[in-house]
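Student: Okay, handing you the structure first.
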């Protein structure tokens, strides 16, 4: 685990966001990852030692307490424009936000108590956005992909 990865892992776990290790091709490295994702930095560090070139994903869902709005711009997706339209309608989202390497965004929201949420892979009126809400994750900063 690099110092940069440790910094971001500590930031995310400190916010109560559960993490799990993934390969550089974004495949989970542990079985039952939705249940084994953790905020325990000692466990995260052990995974980083076991798989020195691994990356980490933030778990979205009820157990992690967060929903992640994934705003995409790669492949010319209009995610930022869709987000701007949402913010015009509902106001600015004051939430933990991470900029992705491609220029998109991951917006983290508190999982609504008493609700059962599912992933939404396509918002017809807001293209370029996905909601990660159940057994899904987003790669956190400090990660290195197989393509560099």
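Residue numbers (this note's numbering): 717 to 864. A virtual CB, placed ideally from N, CA and C, is assigned to each residue, including glycine. Remember, it's a predicted structure, so these values are computed and weren't measured experimentally.
Do residue 778 and residue 827 come within 8 Å of each other at the CB atom, strictly closer than that value?
Tutor: Yes, Cβ-Cβ distance for residue 827 and residue 778 is below 8 Å.
Student: Can you tell me whether residue 743 is helix, strand or coil according to DSSP?
Tutor: In the structure shown, residue 743 sits in coil (DSSP, three-state: anything other than H, G, I, E or B).
Student: Could you check if residue 769 is buried or exposed, using at least 16 other CB atoms within 10 Å of its CB as the buried criterion?
Tutor: Exposed, since its Cβ has fewer than 16 Cβ neighbours within 10 Å.
Student: Pull the bridge partners of residue 847 from the DSSP assignment, please.
Tutor: 785, 836, per the DSSP bridge assignment.
Student: Could you give the first and the last residue of the continuous alpha helix (DSSP H) run that contains residue 729?
Tutor: From DSSP, the alpha helix (DSSP H) with residue 729 extends over 719-730.
Student: From 842, 758, 789, pick the residue whose C-alpha is nearest to that of residue 803; which is it?
Tutor: Looking at the Cα atoms, 842 is the closest of the given residues.
Student: Once DSSP output is grouped into helix, strand and coil, what is the label at residue 750?
Tutor: Correct three-state label for residue 750: helix.
Student: Starting from residue 795 and walking both ways along the alpha helix (DSSP H), at which residues does that stretch end?
Tutor: Start and end: 795-806.
Student: Only counting the same chain, and skipping five residues up and downstream in sequence, which positions put a Cβ closer than 7 Å to that of residue 732?
Tutor: So the qualifying residues of the chain are 755, 781.
Student: Cα-Cα, which of 722, 750, 721, 717 is closest to residue 853?
Tutor: Minimum Cα distance to residue 853 is reached at 750.
Student: Answer yes or no: do residue 848 and residue 783 have a C-beta to C-beta separation smaller than 8 Å?
Tutor: Yes, the Cβ-Cβ distance between residue 848 and residue 783 is below 8 Å.
Student: Would residue 860 pass as a contact of residue 741 if the rule is Cβ separation under 8 Å?
Tutor: Taking 8 Å as the Cβ cut-off, residue 860 and residue 741 do not qualify as a contacting pair.
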